[in-house]
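Q:
Protein chains: 2
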Amino acid sequence: MDDPAFALRDATIAIVGIGLMGGSLALALRAQNACRAILGITRSPATRDQALARGAVDEASGHLSLAASADVIVLATPVRTIMRQMAEIGAVARAGAVIMDLGSTKQAIVRAMEQLPARLEPIGAHPMCGKETFGFHAADAALFQNAPFVLTPLARTSPATLALAQTLALTVGARPIVLDPARHDRIVGAISHLPFALAATLMATAADLAQNDDLLFTLAAGGFRDTSRLAASDTTMMLDILLTNSNHVANLMRTYAARLNQFADSIEGKDESALRTMLEHAARSRRELYV
Amino acid sequence: MDDPAFALRDATIAIVGIGLMGGSLALALRAQNACRAILGITRSPATRDQALARGAVDEASGHLSLAASADVIVLATPVRTIMRQMAEIGAVARAGAVIMDLGSTKQAIVRAMEQLPARLEPIGAHPMCGKETFGFHAADAALFQNAPFVLTPLARTSPATLALAQTLALTVGARPIVLDPARHDRIVGAISHLPFALAATLMATAADLAQNDDLLFTLAAGGFRDTSRLAASDTTMMLDILLTNSNHVANLMRTYAARLNQFADSIEGKDESALRTMLEHAARSRRELYV
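These protein sequence lines map, in sequence, to chains A and B.
Position in the first sequence (first residue = 1) + 1030 = my numbering.
Position in the second sequence (first residue = 1) + 1030 = my numbering.
Right under this line is the structure:
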């Protein structure tokens, strides 16, 4: 690793958006006493009060201008809000400041980062530790423990900035992984955005059926609870994710739907050997993955 | 409730199949000291030894003939095994014996029960507390706590037998619910069999994609883990369920696939208002269901 232009422990970090991710980052940095100061920026006065009361931030504001003095600015709002905030951040940030985000899609954000003034040091990031809960009250200093923390440097990102980002990820207990934005979006489409789409569609399907049978949810057990869990995710956050990874996600959903129809064919056709092969393959893969 | 012909506490109960469900039933009855004796029947000598060692059963055998002296015979094998065992149980069981099963589909089993000799007292049952784990080593006396315990009496089932089955369900901590077999199969198709089919298809889809990207599973977080959990279920058990509830399940899968394709259309068409309406509806339904 190259030496960063400044050390994390000497840095003032501004976090924009103090929900589950931003709030957890503040708490995790605080728990490690990892930097000089933490500034929190959010429109919600109640969240500002809570973040100050829990000691997550040293100072809080509803205005991006608070980030002017920061060495590192972390954008932790929904993806399309991050993209909208990029120009204002570019105008506000001091020369040499590292601009990082925590958004769940990376191609669209990195494209927006490419427009930042040359004096700034952008790098994309995505810690893989979402929950279906959200908001600062759900924030947790331990959220990043052992989580993969994807970093997507731009062509212009300096080795020093990449090193700082890696240090930050390691400091909060995560495992930094450097990745190309396109590959990131393709992978999370399959292992994060598709599962969300499936859970939301399951919940919508079951809610419709429940209108004709009031016992339906009474009988729902652990299997339904787990498979539908992601449907409770924050709508604005997920909408932004789906719309900024639309090609990958829509293609995956169509491939999945075709496979599900084939599976239904095998059930209707009582094709026991095809079914057994498919189910055993899926069961073996799942058991190997989570031993 | 009518008085049963015999009290549960005086009964000898034979359990055929001592896996997760049968083993848990034995342990739960034992923990409550609920009956006179528990007999375990399984082909596996290792499971017989374990069940005897844990005190789950008083006596164990590999042969259905052990059930000849039982007042209650509980079939806890996979659905199609239950159907195959029904004739032999009919030949072996003593007059007045209650024949109950714990299978996850009820129409096919109840039809098989209708063929039992008139001297026997059949009733279908399905405790809604499956896990993706299986086998006697996963058995747990607390498995049925607060779980809905569906009972599907036949036209010929006596009030006394229904009362005994309700007592048994209450004794192991479950909530008995009397239901028509067709309605049961329609409901569990939606809240149990469809979620399994979705999880298996997700796991198969992701495993295929992982062959071209070795980082795919490295980045999988809690969302993927929960949504794919049911894919690890026992293949023989699930195959029997799908094939004995094939019409309901296949129809639900096709409806679901059509809905998923519509969802993909909305994403590709950037139809933000349709997406927001659908996602908010799903999120609200999920949050109301599990508060």
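Every residue gets a Cβ at the ideal spot worked out from N, C-alpha and C, and that includes glycine.
Only a predicted model underlies this, so the values are computations on that prediction, with no experimental measurement involved.
Thinking C-beta only, is A/Gly-1049 closer than 9 Å to A/Thr-1107?
A: A contact, by the Cβ cut-off of 9 Å.
Q: Report yes if the CB atom of A/Leu-1057 is closer than 9 Å to the CB atom of A/Leu-1096, and no otherwise.
A: No, these two residues do not count as a Cβ contact at 9 Å.
Q: Between the alpha carbons of B/Thr-1265 and B/Leu-1224, how many angstroms are there, rounded?
A: Spanning the two alpha carbons is a distance of roughly 15 Å.
Q: Return yes when the Cβ of A/Val-1102 is within less than 9 Å of the Cβ of A/Ala-1155, no when it is not.
A: Against a cut-off of 9 Å, the Cβ pair of A/Val-1102 and A/Ala-1155 comes out as no contact.
Q: According to DSSP, is A/Ala-1044 part of a helix, a strand, or is it coil?
A: Here A/Ala-1044 sits in strand by DSSP.
Q: Which residue from A/Leu-1094, A/Arg-1149, A/Thr-1274, A/Ala-1287 puts its Cα closest to that of A/Ala-1212?
A: Looking at the Cα atoms, A/Thr-1274 is the closest of the given residues.
Q: Give the secondary structure of B/Met-1130 by DSSP, where H, G and I count as helix, E and B as strand, and everything else as coil.
A: Note: B/Met-1130 maps to strand in three-state DSSP.
Q: According to DSSP, is B/Met-1031 helix, strand or coil?
A: Confidence in B/Met-1031 is poor, its pLDDT being 46 and thus under 50, which makes the residue's placement unreliable; the coordinate value appears in the next sentence. Coil.
Q: When DSSP labels each residue in this structure, what does A/Ser-1296 get in the three-state scheme?
A: Three-state result, A/Ser-1296: helix.
Q: Could you give the distance in angstroms between the alpha-carbon of B/Met-1158 and the alpha-carbon of A/Pro-1189?
A: Straight-line Cα distance between these residues: approximately 55 Å.
Q: My parser needs the alpha helix (DSSP H) runs of 4 or more residues fully inside the stretch 1038–1104 of chain A; what are they?
A: Here the runs fully enclosed are 1050–1061, 1075–1083.
Q: Is B/Leu-1282 buried or exposed, if buried means 16 or more other CB atoms sit within 10 Å of its CB?
A: By the 10 Å Cβ count, B/Leu-1282 comes out buried.
Q: Check the Cβ-Cβ distances between A/Asp-1131 and every residue of chain B, and say whether any is below 9 Å.
A: No - not a single Cβ of chain B is within 9 Å of the one on A/Asp-1131.
Q: Please confirm if the stretch 1246–1257 of chain B is in contact with the stretch 1236–1251 of chain A, defined as three or more CB-CB distances below 8 Å between the two stretches.
A: As far as the Cβ criterion goes, the stretch 1246–1257 of chain B does not touch the stretch 1236–1251 of chain A, which means the pair count is below three.
Q: For the pair the stretch 1308–1318 of chain A and the stretch 1226–1237 of chain B, tell me if three or more CB-CB distances fall below 8 Å.
A: Yes, since at least three Cβ pairs between the stretch 1308–1318 of chain A and the stretch 1226–1237 of chain B fall closer than 8 Å, the two stretches touch.
Q: Which class does B/Gly-1253 belong to by DSSP, given the choice of helix, strand or coil?
A: B/Gly-1253: helix per DSSP, three-state reduction.
Q: In angstroms, rounded to a whole number, what distance separates the CA positions of A/Ala-1230 and A/Leu-1246?
A: Going from the Cα of A/Ala-1230 to the Cα of A/Leu-1246 covers about 17 Å.
Q: Along chain A, in chain order, which residues have C-beta atoms closer than 9 Å to that of B/Tyr-1160?
A: The sequence as given places Gly at residue 1160 of chain B; Tyr does not occur at that position. Near B/Gly-1160 (Cβ distances below 9 Å), the residues of chain A are Ala-1251, Gly-1252, Gly-1253.
Q: Which of the three DSSP states is assigned to A/Gly-1154 in this structure?
A: Reduced to three states, the DSSP call for A/Gly-1154 is strand.
Q: With a threshold of 9 Å between beta carbons, is A/Val-1109 in contact with chain C?
A: This model lacks chain C altogether, as its protein chains are A and B.
Q: Rounded to whole angstroms, what is the Cα-Cα separation between B/Met-1031 and A/Glu-1318?
A: Confidence is the limiting factor: at B/Met-1031 the pLDDT is only 46, short of 50, which leaves the residue's position unreliable, though a coordinate-based value still follows. Roughly 49 Å between the two C-alpha positions.
Q: Under 9 Å, do B/Thr-1197 and B/Val-1128 count as touching if we go by C-beta distance?
A: Cβ distance not < 9 Å, so B/Thr-1197 and B/Val-1128 don't count as in contact.
Q: Say whether the stretch 1172–1180 of chain B touches the stretch 1198–1208 of chain B, bearing in mind that this needs 3 or more beta-carbon pairs closer than 8 Å, one atom from each stretch.
A: A contact exists between the stretch 1172–1180 of chain B and the stretch 1198–1208 of chain B.
Q: Checking contacts by CB at 9 Å: is A/Leu-1273 closer than that to chain B?
A: Yes, contact with chain B.
Q: Using the Cβ count rule (16 or more neighbours within 10 Å means buried), how would you classify B/His-1278?
A: That one is buried.
Q: So with CB distances below 8 Å, who are the chain B contacts of A/Asn-1291?
A: Per Cβ cutoff of 8 Å: Met-1283, Arg-1284, Ala-1287.
Q: Can at least three beta-carbon pairs, one atom from the stretch 1284–1294 of chain B and one from the stretch 1285–1297 of chain A, be found at a separation below 8 Å?
A: Yes, since at least three Cβ pairs between the stretch 1284–1294 of chain B and the stretch 1285–1297 of chain A fall closer than 8 Å, the two stretches touch.
Q: Taking 9 Å as the CB-CB limit, is A/Met-1143 close to chain B?
A: Chain B, which has no Cβ nearer than 9 Å to the Cβ of A/Met-1143, makes this no.
Q: Are the CB atoms of B/Val-1046 and B/Leu-1105 within a distance shorter than 9 Å?
A: Yes.
Q: Could you name the residues of chain A that B/Glu-1118 contacts, counting a contact when the two beta carbons are closer than 9 Å?
A: Those within 9 Å of B/Glu-1118 in chain A number zero; the least Cβ separation is about 23 Å.
Q: Within the 9 Å Cβ cut-off, does A/Met-1268 reach chain B?
A: So yes, A/Met-1268 belongs to the interface.
Q: Assign B/Asp-1079 to one of two classes, buried (16 or more other C-beta atoms within 10 Å of its C-beta) or exposed (fewer than that).
A: Answer is exposed; the Cβ neighbour count stays below 16.
Q: Below 7 Å on C-beta distance, what does A/Val-1279 contact in chain B?
A: Result: Ile-1297.
Q: Excluding the five sequence neighbours on either side, which residues of its own chain have a C-beta within less than 6 Å of the C-beta of A/Met-1051, listed in chain order?
A: So the qualifying residues of the chain are Ala-1106, Leu-1132.
Q: Where does B/Ser-1222 land, buried or exposed, given buried means 16+ other C-beta within 10 angstroms?
A: So B/Ser-1222 ends up on the buried side.
Q: At least one CB of chain A closer than 9 Å to the CB of B/Ala-1220: is that the case?
A: With 9 Å as the cut-off, B/Ala-1220 counts as an interface residue toward chain A.
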